[in-house]
Amino acid sequence: MSTPDTATSKSPAGIRDVAALAQVSTGTVSNTINRPDTVHPRTRAAVEKAIAELGFVPNQQARVLTGASSNVIGLVVLDVESPFYMEAAHVIERAVRESGHVVMLCNSEGDTAREAGLLGMLAAQRVRGALLAPASTDDDGEDRYKELPGDLPVVLLDYNGGPEHCSISVDNVKGGRLAVEHLVELGHRRIAVVGGPTGLRQFADRAKGAREAITAAGLDPEESLIEVSVSGIGIQDGRRAVELLLEDDVPDAVFCGNDMLAFGVYRGLVDAGYVVPDDIALVGYDDIDFARDWVVPLTSVRQPIEALGKGAARLLIEHSARDDAHTHQQVVLPPELVVRRSSDLRASE
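This note's numbering runs 1 ahead of the 1-based position in the sequence shown.
Shown next as structure tokens:
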């Protein structure tokens, strides 16, 4: 069988050239590009090799015009500067790459109107589906995700959704409980909880767990718990939280709703003349890579990012296959407390 002369061909390689080189039908090439999970691994490898040799580039715009979905998966996060979401994005990208997909990263900046526009754009581009970390996850916001543009398959990320959606999250109530139980066991009786925007359910759930731990210890939440909410989830917001805390009685310990807030709280406390953990113990949430290498290694509630990202990718690929047998799943993963020197000088890390 003759094969295309890649050295002298003047026009870009087409799908028929790929089929000829791989010795398969054009339909098999199409399936390899669009539905790789339906093609035998050996055949898929032959087609992928031919695509690489010929430098074939699928025409995604043409596929959209015919009504087909692309091999692109949208990922909409609250903040692209958040190490937690970037670590999750890396896991998701690796997971979907194995099934022949790519990730388009979008930043809602925590704005619900911007989020709606991004979902509409992704639907118009006929992406395979979208992974969405909701910009507002209070109870009143759930209705926004019941009717999505263009029948766009969506999996809610870092969010415990209802039966109308696939979702994957971590048990944030338990995470908050673990953090404050640890601080109570160390003898702290006046504990501050620093959270982000009040509309984000993750922070509300972590604060709920903190209150449960205080109550279970026989302490009065009104006397033993100080709750502070700030407008963002970054380091500067943590610094702002310290300003608010120092206006009141200084706490024995601070539990922050994420590690970036904890880093900001640490800097604010040091600037005010306090020593962590000698004067005030500090616990974060997420256990991002920086936590272990912080100035004083940060005690943090670890989210299983690898399982979260891989699980989100799996749910979306299954959901977007539009199989009638598909049922929405709500996956909840367990958190883990990692103790370091920011709360306990005896810790080995």
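For every residue, glycine included, the Cβ atom is placed at its ideal position computed from N, Cα and C.
Only buried fits Pro278, as 16 or more other CB atoms lie within 10 angstroms of its CB.
When secondary structure is reduced to three states using DSSP, Leu226 falls in the strand class. Shown here for Val174: same chain residues with a beta carbon closer than 8 Å to its own, the five before and five after excluded, namely Asp206, Arg207, Lys209, Gly210 and Glu213 in chain order. Asp294 carries a coil assignment under DSSP once its states are collapsed to helix, strand and coil.
Between Ser321 and the set Glu82, Leu132, Pro13 and Ile215, the nearest pair of CA atoms involves Leu132. Ranked by how close their Cα comes to the Cα of Leu22, the residues Arg43, Val40 and Val48 have Val48 in first place.
Here DSSP, grouped into helix, strand and coil, assigns Tyr286 to strand. For Ala313, the enclosing alpha helix (DSSP H) stretches over residues Ile306 to Ser321.
Around the Cβ of Gly274, a 10 Å sphere holds fewer than 16 other Cβ atoms; the residue is exposed.
Here DSSP, grouped into helix, strand and coil, assigns Phe204 to helix.
Note on His189: 16 or more other CB atoms within 10 angstroms of its CB, so buried under the neighbour-count rule. Burial check for Arg293: the Cβ neighbour count within 10 Å stays below 16, so the residue is exposed.
With contacts defined as CB atoms closer than 9 Å, Val302 and Asp287 qualify as a contacting pair. DSSP, reduced to helix, strand and coil, places Glu49 within a helical segment of the structure shown.
Exclusion of the five residues before and after Asp345 leaves no residue of its chain whose Cβ lies closer than 6 Å to its Cβ. DSSP assignment within the region 162 to 214 yields the following whole alpha helix (DSSP H) runs of 4 residues or more, N-terminal first: 173 to 186.
Around Glu307, the same chain offers Val92 as residues with beta carbons nearer than 6 Å, after the five sequence neighbours per side are excluded. Taken through DSSP and simplified to helix, strand or coil, Ser31 comes out as helix. Met122 has no beta-bridge partner at all, per DSSP. Apart from the 5 residues on each side of it in sequence, Val340 sits with its Cβ closer than 8 Å to the Cβ of His183, Thr300, Ala348 and Glu350 in its chain, given in chain order.
Thr328 sits in coil when the DSSP states are folded into three classes, being neither helix nor strand. Taken through DSSP and simplified to helix, strand or coil, Val58 comes out as coil.
Rounded to the nearest angstrom, the gap between the Cα atoms of His329 and Ser168 is 8 Å. When DSSP states are grouped into helix, strand and coil, Ile16 belongs to the helix group. In the three-state reduction of the DSSP assignment, Leu346 falls in the coil class.
Residue pairing by DSSP places Ile74 opposite Val104 and Gly130 in a beta bridge. Contact between Val194 and Leu157 does not hold, since their C-beta atoms are separated by about 25 Å, which reaches or exceeds 8 Å.
In the DSSP annotation of this structure, the continuous segment of the beta strand (DSSP E) that includes Glu337 starts and ends at Glu337 to Val339. Thr216 counts as exposed, since fewer than 16 other beta carbons sit within 10 angstroms of its beta carbon. The region 227 to 284 is shown to contain whole alpha helix (DSSP H) runs of 4 or more residues at 236 to 247 and 260 to 272, in chain order. Measuring C-alpha to C-alpha distances from Ala124 to each of Asp152, Cys107 and Phe85 identifies Asp152 as the nearest. Assignment of Val155 by DSSP, reduced to helix, strand and coil, places it in the strand class.
In the three-state reduction of the DSSP assignment, Val97 falls in the helix class. For Ser301, the enclosing beta strand (DSSP E) has its first and last residue at Thr300 to Arg303.
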